[in-house]
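Trainee: First to last, the sequence lines map onto chains A and B. If you're matching positions, the first sequence starts at 1 in my numbering and goes up one per residue. If you're matching positions, the second sequence starts at 202 in my numbering and goes up one per residue. The beta carbon of each residue, even a glycine, is placed where N, CA and C say it ideally should be. The structure presented is a predicted model; accordingly, all values stated were derived computationally and were not measured.
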Amino acid sequence: MSAFEVELTPIVFLDLSLLTMLILVAFAMLRSRHLFAVVMLSGIYSLLSAAFFVSLDAVDVAFTEAAVGAGVSTVLMLAGMLLTARREKPKTPGRAPVALAVVFVTGAALAYATIDMPAFGDPDAPANSYVGQQYVDETPNDIAVPNIVTAVLASYRGFDTMGETMVIFTAGVAVMLLLGLGSARGGREVSDAEPEDGEAK
Amino acid sequence: MSMFAVATAGIIAAMTLALVRAFAGPSLYDRVLAGNSFGTKTVILIGLMGFLTGRPDFLDIALLYALINFAATIAILRFFSYRQSSKTRAKPMSEGEA
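(1) Can you tell me where the alpha helix (DSSP H) holding Pro-126 (chain A) begins and where it ends?
(2) Please compile the residues from chain B whose C-beta is within a distance smaller than 9 Å of the C-beta of Val-105 (chain A).
(3) In chain A, what lies closer than 7 Å to Tyr-266 (chain B) by C-beta?
(4) On the DSSP bridge list, what partners appear for Arg-87 (chain A)?
(5) Here's the rule: buried if 16 or more other CB atoms are within 10 angstroms of the residue's CB, otherwise exposed. What is Met-216 (chain B)?
(6) So Leu-179 (chain A) and Gly-71 (chain A) are in contact, right, with Cβ under 8 Å, and what is the actual spacing, rounded?
(7) Mark Ala-214 (chain B) as exposed unless 16 or more other C-beta atoms lie within 10 angstroms of its C-beta, in which case mark it buried.
(8) Give a yes or no on contact between the segment 142 to 157 of chain A and the segment 51 to 59 of chain A, applying the rule of three or more CB pairs nearer than 8 Å.
(9) Give, in chain order, every residue of the segment 229 to 242 of chain B whose Cβ lies closer than 9 Å to some Cβ of chain A.
(10) Check this for me: beta carbons of Ala-51 (chain A) and Thr-243 (chain B), under 8 Å apart or not?
(11) In chain order, what residues of the same chain have a beta carbon less than 8 Å from the beta carbon of Ala-263 (chain B), not counting five sequence neighbours either side?
(12) Check the Cβ of Pro-146 (chain A) against every Cβ in chain B and list those closer than 7 Å, keeping chain order.
(13) Measure the beta-carbon distance from Val-39 (chain A) to Thr-9 (chain A) and round it to whole angstroms, keeping in mind my assumption that it falls under 8 Å.
(14) Could one say the Cβ of Phe-36 (chain A) lies closer than 8 Å to chain B's Cβ atoms, at least one of them?
(15) How long is the line joining the alpha carbons of Phe-259 (chain B) and Val-98 (chain A), rounded to whole angstroms?
(16) Is there a C-beta anywhere in chain A that falls below 8 Å from the one on Ala-206 (chain B)?
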């Protein structure tokens, strides 16, 4: 069976419809000038890509996408929207060709790079030929979880994951401070006048 | 197996309908509701996907998605109640502080 011959299982139809919906949502986000609609559609886009990641067996990526993309960043983008206008300004024409050219060149470079990638499921691929097989062999004995990526992330590289969590927490606190969610709630007025208690605003 | 496939097709159709409401929905709450029901459909779809491939190990993850979806909808709606209350409360608040 060649690489491009596709067996028509329900999963293939599921993937195709998920990808079609992703494209539709992306175009709707591009066309809409109503920023709230764009924020909600980006949440839907994250949910769709999370479902697609589950279909690709990347459960951890899917979970991150659902938590960060559909949950946290929707709220953060709403907070950012409260600080600006609710409708996008009409675009100034003239800069579009340059941006389009950059996007096409980048996309062509990425598509060209996929030629060098090993075939899907190739046993000689770098992902399968070094330490990966050892994880596959020993995870059922060491940590009895069904998903090996989860075992690697949460147990074999537990300290690494803990450090990442700290970094993400710090970044989240910084973004909350920058957006000033307190002022968006009407609890605190931010003004440039008289910093009386000497603290940084 | 085949019943799971039929159910998946039904869920896909329902997702498309929610998507149409999210695209078209004139009011803000139409879009919030479309996003929320789309999240619910995603949860069901992930559960169905597990049974369709014969490995229903990820049901707990689908449950966690349901929790995230619920929390996100509450967060969005609270935001808009805050937004409205900050508008109505803006004047007495700034007067009280100044």
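Mentor: Let me spell this out:
(1) 126 to 129
(2) Counting only Cβ-Cβ distances below 9 Å, Val-105 (chain A) has no contacts in chain B at all, with the closest Cβ about 30 Å away.
(3) Ala-66
(4) A:His-34
(5) buried
(6) Leu-179 (chain A) to Gly-71 (chain A), Cβ: 16 Å. No contact.
(7) exposed
(8) With contact defined as three or more Cβ pairs closer than 8 Å, the segment 142 to 157 of chain A and the segment 51 to 59 of chain A are in contact.
(9) Leu-229, Arg-232, Val-233, Ala-235, Gly-236, Phe-239, Gly-240 and Lys-242
(10) yes
(11) Val-244, Ile-245, Ile-247, Gly-248 and Gly-251, listed in sequence order.
(12) Asp-258
(13) Rounded, the Cβ-Cβ distance is 35 Å, inconsistent with contact.
(14) For Phe-36 (chain A), at least one C-beta of chain B is nearer than 8 Å to its own C-beta.
(15) 44 Å
(16) Closer than 8 Å: yes.
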